[in-house]
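Below is one structure, written out as structure tokens, with a few remarks after it.
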Amino acid sequence: MNCQLCQKELEAYREGRLPESTRIQVEEHLKACQACSESYSLLRVADQVIEDEKSQEFNLYLSTRVMSKIGEMEISRQAKHVPVYRKILKPALISVSVAAAVLVGVIAGNLYKPAGSANEIPVELLYMNDAAMESVYLFAND
Ligand SMILES: [Zn+2]
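Everything in the sequence shown is counted per this note's numbering, starting at 218 for the first residue and increasing by one.
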């Protein structure tokens, strides 16, 4: 077997698709020929890389598991020693902001003059008589 033929058969040899006689010939050539055995080991390396890439799918589950584990650890760590200021201050801050919002609402409501007190006319408006200023008789006269 020569190098050219061996190179041609390497792929099939690697995948175990060669008939017995050809397989033995290739194996013998690989033992004898440095160049062909090197290219064969290169193919094996490429195979290994591809296999590694394929196994990444399983690692995907692994990484998901690891990430969820890390999440659990962080949650339990937070639960274990929540700082006191966070335990007290956070609810306190929420209560204070709610109270402030209510207070602002009450103040805004008081600032706005409700419709019920519309009857109270400001003093300066009392002296203005709209009816007198724009009397309909003004237009009726001729
Ligand atoms: Zn060769």
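For every residue, glycine included, the Cβ atom is placed at its ideal position computed from N, Cα and C.
Span separating the alpha-carbon of S314 from that of I267: Roughly 59 Å separates the two Cα atoms.
message: Does V340 pass the burial test, meaning 16 or more other C-beta atoms within 10 Å, or should it be called exposed?
response: V340 comes out exposed.
query: Run through DSSP, which three-state label would C250 get?
result: Reduced to three states, the DSSP call for C250 is coil.
Alpha helix (DSSP H) segment containing R231, residue limits: Annotation for R231: the continuous alpha helix (DSSP H) segment containing it runs C220 to R231.
task: With DSSP as the reference, label L235 as helix, strand or coil.
output: Three-state result, L235: coil.
Reduced DSSP category for Y278 - H, G, I as helix; E, B as strand; rest coil: Y278 falls in the helix class under three-state DSSP.
task: Please work out which residues of its chain come closer than 6 Å, Cβ to Cβ, to Q221, disregarding the five sequence neighbours upstream and downstream, and give them in chain order.
output: Excluding sequence positions up to five before and after Q221, its CB lies less than 6 Å from no other CB in the same chain.
field: Within 7 Å, strictly: CB atoms of L235 and Y257
entry: No, the pair does not count as a contact, with Cβ atoms beyond the cut-off.
query: Residues in its own chain within less than 7 Å of A229 by CB, not counting five upstream and five downstream?
result: A distance below 7 Å between beta-carbons, with the five flanking residues on each side excluded, links A229 to the following residues of its chain, in chain order: L235.
- prompt: In this structure, does DSSP put L329 in helix, strand or coil?
  reply: It should be noted that the sequence gives Tyr, not Leu, for residue 329. DSSP places Y329 in coil when its eight states are reduced to three.
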